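Note sheet for the following structure.
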Amino acid sequence: MNPITFIMILLNLFLGTMITMISSHWLLIWMGLEMNMFSMIPILMIKPSPRATEAATKYFLTQATASMLLMLAVIINLTHSGQWTIIKMFNPMASYMMTVALAMKLGLAPFHFWVPEVTQGTPLMPGLILLTWQKLAPMVILYQIYSTINFNLMMTMAILSIMIGGWGGLNQTQLRKIMAYSSIAHMGWMTAIIAYNPSLMILNLMIYLTMTITMFIMFISTSSTTTLSMSLTWNKTPILTTMALTTLLSMGGLPPLSGFIPKWMIIQELTKNDMIIMPTMMAILALLNLYFYMRLIYSTSLTLFPSTNSMKMKWKFKSTKLPPLTSTLIIVSTMLIPLTPMMLTLD
């Protein structure tokens with residue numbers, strides 16, 4: 252792709268999300284989402300292939316359906332309230348529709364089927380954008396309308412997402428699909444808490460973005476897309492592989508790593524609101540995610556490949572340089588636990 256064209260597309264993607272984030276008018280929010288979607292399609296097809304075309308088509312159809320439902324919800328709300336600004340939803344149908352539309356945008360279960368397929372059909376960099384930047388706009392809309400969304404529907408989708416995010420990743424060997432299922436599970440944790448404490452949702456989103464960016468940077472720098480190719484990196488980049496191991500444990504929510512903070516605070520907040528069964532189920536289902544992260548860690552770091560570093564013939568070359576801020580991202584992804592008292596003030 253022509254670099255100038257690519258920069259224009261990225262700028263459009265950024266602008267679309269920003270318009271959605273700063274608007275209080277439903278039409279502008281919808282336009283921002285549309286700009287965002289149409290900019291993402293050429294990014295998904297940056298390396299043209301039948302697989303990328305299929306991924307882009309699936310992405311377009313899902314997002315276009317979600318946009319249509321969102322606009323329908325806005326129009327229903329407009330007929331009842333007479334205004335375009337983000338205010339309380341006057342109609343339960345509009346509230347249902349908006350929740351479903353945003354769930355489709357985010358890839359929450361049961362509207363999750365496109366996420367693993369689209370992520371797997373594209374290179375690592377578009378996959379990174381899809382699982383990080385593309386979550387911002389719908390999450391900001393949810394943050395603005397959290398008091399009017401249908402609570403029961405949201406909690407049902409949240410627990411379903413955590414279930415599917417855990418079970419779906421169990422048999423996977425493709426790293427992009429593992430990251431996609433991990434994303435579905437994290438979205439479930441975020442939407443479970445949004446009705447009680449939206450600030451915790453933002454905290455969870457920030458930590459999720461940091462951990463996902465860190466993992467993708469490591470995959471890109473070692474050119475790994477499968478568990479097998481990841482297992483061959485131990486001899487060439489032992490430190491990077493160890494850091495990937497630690498970040499994966501953090502994504503699983505294991506103390507004393509950064510990923511434990513949002514899980515701990517969400518479970519605490521739900522328990523304060525007299526919910527016992529829901530956080531218990533969420534904590535148990537999080538073990539499924541931890542299991543497939545541990546399997547990836549085992550095949551990557553705890554099994555040594557037979558060739559040694561002193562071999563004359565080099566068949567896998569070392570990455571010449573790491574992307575900037577890698578060290579900072581690794582530290583933030585793993586060592587934030589001492590800042591928890593400060594984060595508790597978000598309550």
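With the working numbering as the guide, the letters of the sequence shown map in order to residues 252 to 598.
We put the beta carbon where it would ideally sit given N, CA and C, even for glycine.
For clarity, every value in this text was computed on a predicted model and none was experimentally measured.
Just verifying my parser: in three-state terms, what is the DSSP assignment at residue i?
i	result
His-437	helix
Gln-385	helix
His-276	strand
Gln-423	coil
Thr-271	helix
Thr-336	strand
Gly-417	helix
Ile-297	coil
Thr-628	There is no way to answer for residue 628, as the model of the chain reaches only from 252 to 598.
Tyr-310	helix
Leu-454	helix
His-331	helix
Lys-356	helix
Pro-361	coil
Phe-265	helix
Ile-255	helix
Pro-367	helix
Lys-572	coil
Tyr-549	helix
Leu-580	helix
Give a yes or no on whether the C-beta atoms belonging to residue i and residue j are separated by under 8 Å.
i	j	result
Leu-404	Thr-350	yes
Ile-464	Ile-512	no
Trp-335	Trp-277	yes
Lys-428	Gln-385	no
Thr-477	Thr-424	yes
Ala-443	Met-533	yes
Ser-501	Leu-491	no
Leu-536	Gly-417	yes
Leu-541	Leu-505	yes
Ser-412	Ile-435	yes
Leu-375	Phe-265	no
Tyr-544	Leu-499	yes
Leu-320	Met-348	yes
Thr-461	Val-366	no
Got a sec? Which residues, its chain only, sit under 6 Å from residue i by beta carbon, not counting five neighbours each side?
i	result
Met-288	Gln-314
Thr-577	Ile-468
Pro-389	Leu-353, Lys-356, Leu-357
Ser-398	none
Skipping 5 residues on each side, what residues in its chain have a beta carbon closer than 8 Å to that of residue i?
i	result
Ile-270	Leu-279, Ile-280, Met-282, Gly-283, Met-286
Leu-295	Ala-303, Ala-306, Ala-307, Tyr-310, Val-369, Gly-372, Thr-373, Pro-377, Leu-381
His-331	Phe-341, Asn-342, Ala-345
Grab me the residues of residue i's own chain with a C-beta within less than 7 Å of its C-beta, minus the 5 sequence neighbours each way, in chain order.
i	result
Met-252	Ile-297
Pro-361	Leu-411
To the nearest whole angstrom, what separates the beta carbons of residue i and residue j, a pair I think is in contact under 8 Å?
i	j	result
Met-481	Thr-551	5 Å
Met-438	Leu-539	Not quite, the Cβ-Cβ distance comes to about 15 Å (not below 8 Å), so this is no contact.
Report the start-end ranges of each alpha helix (DSSP H) in the stretch 466-547 that is 4 residues or longer and not cut off at the edges.
478-482, 489-502, 511-523
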